[in-house]
Structures are given as structure tokens and as C-alpha cells.
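Notes follow the structure.
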Amino acid sequence: MTELYDYEFLLNRVREALPETVKHHERFEIPKVEVIHEGKNTIIRNFLSITKKINRDPMHVYKYLMRELGTAGTIQGERLVLKGRVSPSLVQRRIDRYVSTYVLCSECGSPDTELRKEGRVELLVCKACGAIRPVQAKIDVRTASETLKEGRTYDLEITDVSRDGDGIAKYGNYVVYVPGARKGHKVKVKIIKIKKNAAFGEVVS
Ligand SMILES: [Zn+2]
Numbered sequence: 001m002t003e004l005y006d007y008e009f010l011l012n013r014v015r016e017a018l019p020e021t022v023k024h025h026e027r028f029e030i031p032k033v034e035v036i037h038e039g040k041n042t043i044i045r046n047f048l049s050i051t052k053k054i055n056r057d058p059m060h061v062y063k064y065l066m067r068e069l070g071t072a073g074t075i076q077g078e079r080l081v082l083k084g085r086v087s088p089s090l091v092q093r094r095i096d097r098y099v100s101t102y103v104l105c106s107e108c109g110s111p112d113t114e115l116r117k118e119g120r121v122e123l124l125v126c127k128a129c130g131a132i133r134p135v136q137a138k139i140d141v142r143t144a145s146e147t148l149k150e151g152r153t154y155d156l157e158i159t160d161v162s163r164d165g166d167g168i169a170k171y172g173n174y175v176v177y178v179p180g181a182r183k184g185h186k187v188k189v190k191i192i193k194i195k196k197n198a199a200f201g202e203v204v205s
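In C-alpha cells:
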């Protein structure tokens, strides 16, 4: 007695019977970055193939990475060359975040989506389930340029007033308290003390 169908054969038939989106969804994994350092540069060796895999415009991914990593870079063939040394795990986290922000449908999880612009709003449209959501880019404000240092002077705009009447300015993740500064004014502020995300300064001019 012979078996009519072997296991592989049956499995293939089941796979063929699945709708395209389900197969796609099952296979999808966030691409892994291949990062090497050359001198003072960081190179993503498989940049273009990553953008192909997630079906997004390389320039869109490029601009996002520049903004999120706070660096400059150039696309050279398949590779993206970044100025400065960036750790591979940080690059991977940014790619992961790009995918969850700009690629994956938040309703069904499918990567089979496209970006559409309506006026100034960017929308993520899912081809699998039809869901539409506005893209909400989460910008990491904790970049080096936005770290306050005690003793340094910054140009700040007072945008609010505290209960005690101190002027309040925002800088990156910091709330800066400036006694005597008025709302709406732009002032030079010397930072006197920093406590976690709160900073205290005085007007110097
Ligand atoms: Zn969907």
C-alpha cells in the first residue's frame, strides 16, 4: 500500500490555498541591519535591500534615520554611510521603529501597506484590511544637541508661567524655570541647576 500524498505535498497545497495576505504576513520579519564601522563612519551594508523588503522609498527611510540618529549621511549604491560611530543595536532599533510607525498596519499587523499624503497629514493605508491611520512619528528628542548643561547659556523662549510666577521654557525633554522672565519673551538663560528633567536658570541679558 502506498501513501497517496506525502506530508510536504499536503503542506504545499495548504500554503497555496491561503490568501496572499496571510502568507505575506506569516513570512514578514523586520529586516536585520548589517552594520560595520569604517574609520569614523558607520555603514549600513544592506540599506537598499531593507527598503525594498519593507517596500518604502529609500529617501523616506534615509531622512527618518538622519533625523532620529541626529547625524548626516549619504546613500552609496546599496549602502548607507553615516557620519560618526553609531552602534548596530541603535541602528536596528531605529529601523524597528520606522517599520512599526510607517509600515505595519496597527489593526491587522500586515506589512502590505502604503503611505499616502492628504494635505500635510501622512496616512498609512492597509491593503490587507483597509484600515487607515495617520502616521505618528515618534521623534527621539534626547539627542546630544538637546542636552542641557549647568553653567551654559541657551536662547530660550518663555512659553508658560509657573504657579510661582516663574517663566517656563521647554528644551528637548527639559522644563526650564526662569524667575523674572515673561511669557512670550525670548531670552538668554544661564542654567544654574538641573534636577532630572527640570532645570533652573537665570536671565543673562
Ligand atoms: Zn490592516
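Okay, so the sequence shown: first residue is 1 according to my numbering, each after it adds one.
Heads up, the beta-carbon is just placed ideally off N, CA and C, and yes, glycines get one too.
- request: Evaluate Ile-139 with the Cβ neighbour count: other Cβ atoms within 10 Å of its Cβ, from every protein chain shown; 16 or more gives buried, anything less gives exposed.
  value: Reliability fails at Ile-139, whose pLDDT of 49 lies under 50, so the model's placement of it is uncertain and the value that follows must be treated cautiously. The residue in question, Ile-139, is exposed, as its Cβ has fewer than 16 Cβ neighbours within 10 Å.
field: Where Lys-188 sits in the DSSP three-state scheme
entry: strand
- prompt: Taking three-plus beta-carbon pairs below 8 angstroms as touching, is the region 88-103 in contact with the region 63-80?
  reply: yes
- prompt: What is the DSSP secondary structure of Asn-197, reduced to helix, strand or coil?
  reply: coil
Pairwise C-alpha distance: Tyr-174 and Phe-28: 39 angstroms
message: I'd like to know if the region 168-184 and the region 149-160 are in contact, where contact means that at least 3 CB-CB pairs between them fall below 8 angstroms.
response: yes
query: What are the partner residues of Arg-85, as DSSP defines its beta bridges?
result: Partner(s): none; Arg-85 has no beta bridge.
message: Given this structure, state the Cα-to-Cα distance separating Glu-114 from Gly-151, to the nearest angstrom.
response: 48 angstroms
field: Asn-12 (DSSP reduced to helix, strand or coil)
entry: helix
- request: Determine the extent of the alpha helix (DSSP H) in which Glu-206 is found, giving its start and end residues.
  value: Nothing about residue 206 can be read from this structure; the chain reaches only from 1 to 205.
field: Residues of its chain near Arg-13, where Cβ-Cβ distance is below 7 angstroms and the 5 sequence neighbours each way are ignored
entry: none
field: Sub-8 angstroms separation of Asn-46 and Glu-8 beta-carbons
entry: no
- prompt: Cα-Cα, which of Lys-63, Ile-43, Arg-56, Gly-172 is closest to Val-86?
  reply: Ile-43
message: Against chain D, does Leu-82 count as a neighbour if the rule is that its beta carbon must be under 8 angstroms from one of theirs?
response: Among the chains in the structure shown there is no chain D, since it carries only a single protein chain.
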